[in-house]
Amino acid sequence: MHTFTLTSQSVEQSQALGRRLGALLQPGDVVALVGQLGAGKTYFVKGVAVGLGVADDRQVNSPTFVLVNEYTGRVPVHHLDVYRLGEPEELTAIGFDEMCTSGGVVIVEWADRVREVMPKRTVWVEITVTGAEERKIKFDMNDAEIIPRVGQLAK
Ligand SMILES: Nc1ncnc2c1ncn2[C@@H]1O[C@H](COP(=O)(O)OP(=O)(O)O)[C@@H](O)[C@H]1O
Ligand SMILES: [Mg+2]
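Residue numbers (our numbering): -12 to 142.
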């Protein structure tokens, strides 16, 4: 397990950090967002999407009701919000396994609700509100291929 925590002092810093992560991602990677409502998960995802080459981050919004949004970057980006999901098995029904293995990047908000179905190639990002505009952003990864690549974020 490889873990490090960074601090963001603004929405812009959170997005910039997301962009740095997005630039490091490769097809088959999964990003799991954890944090309370309003923590900044979706703003972080906007950054990740831009880092993945998505041209316009205005199309990046929490897919709370539709479950999954798709964006076109240098790879396909699948953005899920499983807040309203009943059972982790429902993810299978919407094609989660295929999304994870089809050569794109998958990003999941509220991923702690489906922890047991998340693949090993997952970067866990836990955002904690520590002030009006301050956030602690903790990164956790446990995959031999991801750690040296995404671990560059800590430097
Ligand atoms: N450092 C920060 N990073 C991200 N969002 C922040 C930060 N400081 C304040 N905010 C505010 O917190 C809210 C985060 O919203 P959003 O990203 O939609 O949260 P979530 O997806 O976790 O529910 C926004 O209103 C944003 O302006
Ligand atoms: Mg959100």
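In this text, a Cβ means the ideal position worked out from N, Cα and C, and glycines have one as well.
Item                                                                                                     : Value
Proximity test, glutamate 113 beta-carbon vs ligand 2 heavy atom, cut-off 8 Å                            : no
Test item: CB-CB of threonine -6 and glutamate 113 under 9 Å                                             : no
Inter-stretch contact (C-beta, 8 Å, three-pair minimum) for the stretch 81 to 99 and the stretch 9 to 19 : yes
Aspartate 84, enclosing beta strand (DSSP E) - first and last residue                                    : That residue, aspartate 84, is in no beta strand (DSSP E); its alpha helix (DSSP H) goes 83 to 88.
Distance, leucine 4 Cα to isoleucine 124 Cα                                                              : 9 Å
Contact set for isoleucine 134: own chain, Cβ-Cβ below 8 Å, skip 5 residues either direction             : His(-11) and Met128
Segment limits, alpha helix (DSSP H) that includes serine 1                                              : -2 to 11
Any non-hydrogen atom of ligand 1 closer than 8 Å to alanine 119 Cβ                                      : yes
Valine 64 and alanine 36 closer than 9 Å at C-beta                                                       : yes
Valine 69: CB within 8 Å of a non-hydrogen atom of ligand 1                                              : no
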